[in-house]
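Structure first, commentary second.
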Amino acid sequence: MKAVMGSAAAMVAALMVGSAWSADSAVPGQPGSSAPAKSGRSGAAVHGITGTWNRYPEIGEKPDPKFSPAPPVSPPPLKEQYLAEWQAQQQAAKDADARGQPLFSDYVKCLPDGMPAMMMGMFPMEVLQTPGQVTVIQEAYNQVRRVYLDEKPIPIEDAEPGYWGHSVGHWEGNTLIIDTVGIKPTVKFRGAPHSDQMRIHERLTLVPPMYMQDEVTVEDPVYLTGPWNFVYKYKRYPNYKMNEYVCDSNREYKDSETGGTRLRITK
Amino acid sequence: MRRIIVVLAALSAASTAELAVMAPALAHHSFAMYDSDHQIKLSGTVKSFEWSNPHVYIELNAPDAQGTTKSFLIECANPGILNRIGWKFNMIKVGDKITAIIAPLRTGEAGGLLKQVTLPDGRKFLNGGPAGKPNIQ
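Top to bottom, those sequences are chains B and Z. Residue numbering for the first sequence follows the working numbering, starting at 1 and increasing by one per position. Residue numbering for the second sequence follows the working numbering, starting at 1001 and increasing by one per position.
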């Protein structure tokens, strides 16, 4: 990791000489460009987002004084009638851990965590801007989400439930503004229940030359008292080659008696 | 939160502030099934080495504390995490004599979470940030 990350100077140098950057380094919105990107049609104007990114700061990484780490995600602002159950679930998870029997989960079962969890950057992610689309690939579980640029949001009742939902976006300066609907009720973030009325708003902002942040706002008139806001931050991970991730050998299983996670010792 | 704290306790190198930030993104699962406070050292022969997701596994034939040779299942991080800290998919082979420091399963079964492995050539590898460091050598 250290060898890849290198010094800040080396990273900047890598960005400067990388073929993706050298050809159009003066394009507004590009890392290193001082020219502000223009709002409006998103086709080719801004693609400084293309590249590999890692969560920031990485474990053990000393944060840059000029780019503060994001605060921890706050608890969901659930309506009173849902809050008690959520708190009980959180307590049950703590108790299970204290017993040494951590609760089994869909994630342990090798299901992807979906939106918005995949944006936390559990593992590195690759972002690609192509005409009309920004694609985010999260290494964990090979998750792929597609943000369709300059398209109108679909009616929320037409949003087919899934793990990553239906996302539309447009650039405003260095910020990609994304609106997502259609997250399956079983795809829960931090264990919070949600309805088919949930919307995820994101402001994915490039902070040249090295950083990016995702200001996430979850809205759900059925379950939440108001917007649930949190932020994820990223750092460029130049020259990183994404690993594949296929869960073809999961030895963890749910103990039928305790509900806890167990390790299958013999295959 | 406790599961996060358990993991965080092992990450002595990083500051509290950093850990609080990183906590939600630490791992595939809680490490509460492993006892990181009472780590053990195993020396033996590799029975199998499986390079796959969601975890890499080493099966190690090694004597336990009573001297009885058992097959221990040792959970490692995943190929992505391990590649990023310098492992290679073929750096451990069946028949290799290796030493592993593990946090044993709390159930008492012959298995655990890898903290550090020493290869036949003496090179030592950790198991990535989330799994934490060894507290014995």
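Backbone N, C-alpha and C fix where the C-beta goes; we use that ideal spot for every residue, glycine too.
CA-to-CA distance, residue j to residue i, given in whole angstroms
i: Q197(B); j: E85(B); result: 20 Å
i: S1043(Z); j: P1054(Z); result: 25 Å
i: T1118(Z); j: F1125(Z); result: 7 Å
i: D179(B); j: K1041(Z); result: 51 Å
i: L206(B); j: K1097(Z); result: 49 Å
i: V246(B); j: R1084(Z); result: 17 Å
i: P208(B); j: K235(B); result: 10 Å
i: V27(B); j: S1036(Z); result: Because V27(B) carries a pLDDT of 35, less than 50, the predicted location of this residue cannot be relied on, and the following value inherits that uncertainty. About 51 Å.
i: V147(B); j: Q133(B); result: 6 Å
i: G1067(Z); j: N239(B); result: 48 Å
i: T130(B); j: V136(B); result: 11 Å
i: L176(B); j: M120(B); result: 17 Å
i: S1030(Z); j: V168(B); result: 34 Å
i: H201(B); j: V216(B); result: 6 Å
i: I154(B); j: G1122(Z); result: 59 Å
i: G43(B); j: A70(B); result: Low local confidence applies: a pLDDT of 43 at G43(B) is under 50, so the model's placement there is unreliable, and no value is given.
i: E172(B); j: M118(B); result: 23 Å
i: T1069(Z); j: G1108(Z); result: 15 Å
Proximity test, residue i beta-carbon vs the ligand ADP heavy atom, cut-off 7 Å
i: A192(B); result: The model on display carries no ligand, and the ligand ADP is accordingly not part of it.
Chain B contact for residue i (CB, 8 Å cutoff)
i: S1036(Z); result: no
i: N1042(Z); result: A quick correction: the sequence has Leu, not Asn, at residue 1042(Z). By this cut-off, L1042(Z) is not an interface position.
i: A1065(Z); result: no
i: L1060(Z); result: no
i: P1104(Z); result: no
Proximity test, Cβ basis, 8 Å: residue i and chain Z
i: F123(B); result: yes
i: L149(B); result: no
i: D97(B); result: yes
i: E252(B); result: yes
i: Y245(B); result: yes
i: I154(B); result: no
i: D158(B); result: no
i: G60(B); result: yes
i: S249(B); result: yes
Classification of residue i by the beta-carbon crowding that lies within 10 angstroms, buried from 16 upward
i: A88(B); result: exposed
i: S74(B); result: exposed
i: H194(B); result: buried
i: G226(B); result: exposed
i: E272(B); result: Not covered by the structure: residue 272(B). The range shown for chain B is 1 to 267.
i: A35(B); result: With a pLDDT of only 40 at A35(B), under 50, the local geometry of the prediction cannot be trusted, and the value read off the model is given with reservation. Answer is exposed; the Cβ neighbour count stays below 16.
i: G1095(Z); result: exposed
i: P76(B); result: buried
i: F1049(Z); result: buried
i: G1144(Z); result: The first residue shown for chain Z is 1001 and the last is 1137, placing residue 1144(Z) beyond what the model contains.
i: K233(B); result: buried
i: F1089(Z); result: exposed
i: T266(B); result: exposed
i: H166(B); result: buried
Chain-ordered neighbours of residue i on chain D, where CB pairs are closer than 8 Å
i: L263(B); result: The structure shown contains no chain D; its protein chains are B and Z.
(request) Could you please tell me which residues of the stretch 1074-1100 of chain Z, in chain order, have their CB closer than 9 Å to any CB of chain B? (result) E1075, N1078, P1079, G1080, I1081, N1083, R1084, I1085, G1086
(message) At a CB distance below 8 Å, what residues from the stretch 1109-1136 of chain Z approach chain B? Give them in sequence order.
(response) E1109, A1110, G1111, G1129, P1130
(message) Taking beta-carbon pairs under 9 Å, can you tell me which members of the stretch 181-209 of chain B lie near chain Z?
(response) R190
(request) Report yes or no: do three or more beta-carbon pairs, one from the stretch 126-133 of chain B and one from the stretch 48-55 of chain B, lie closer than 8 Å? (result) yes
(message) Tell me whether the stretch 101-119 of chain B and the stretch 254-264 of chain B touch, counting them as touching only if at least three CB pairs, one residue from each stretch, are closer than 8 Å.
(response) yes
(message) Closer than 8 Å is the cut-off here; do at least three beta carbon pairs connect the stretch 183-197 of chain B with the stretch 155-164 of chain B?
(response) yes
(request) Could you run through the stretch 101-121 of chain B and flag, in chain order, every residue whose CB is less than 9 Å away from some CB of chain Z? (result) Q101, P102, L103, F104, S105, Y107, V108, C110, A117, M120, G121
(request) Pair every Cβ in the stretch 113-121 of chain B with every Cβ in the stretch 140-150 of chain B, then say whether three or more of these pairs are closer than 8 Å. (result) yes
(request) Please list the residues of the stretch 122-143 of chain B that have a C-beta atom closer than 7 Å to any C-beta atom in chain Z, keeping them in chain order. (result) M122, F123, E139
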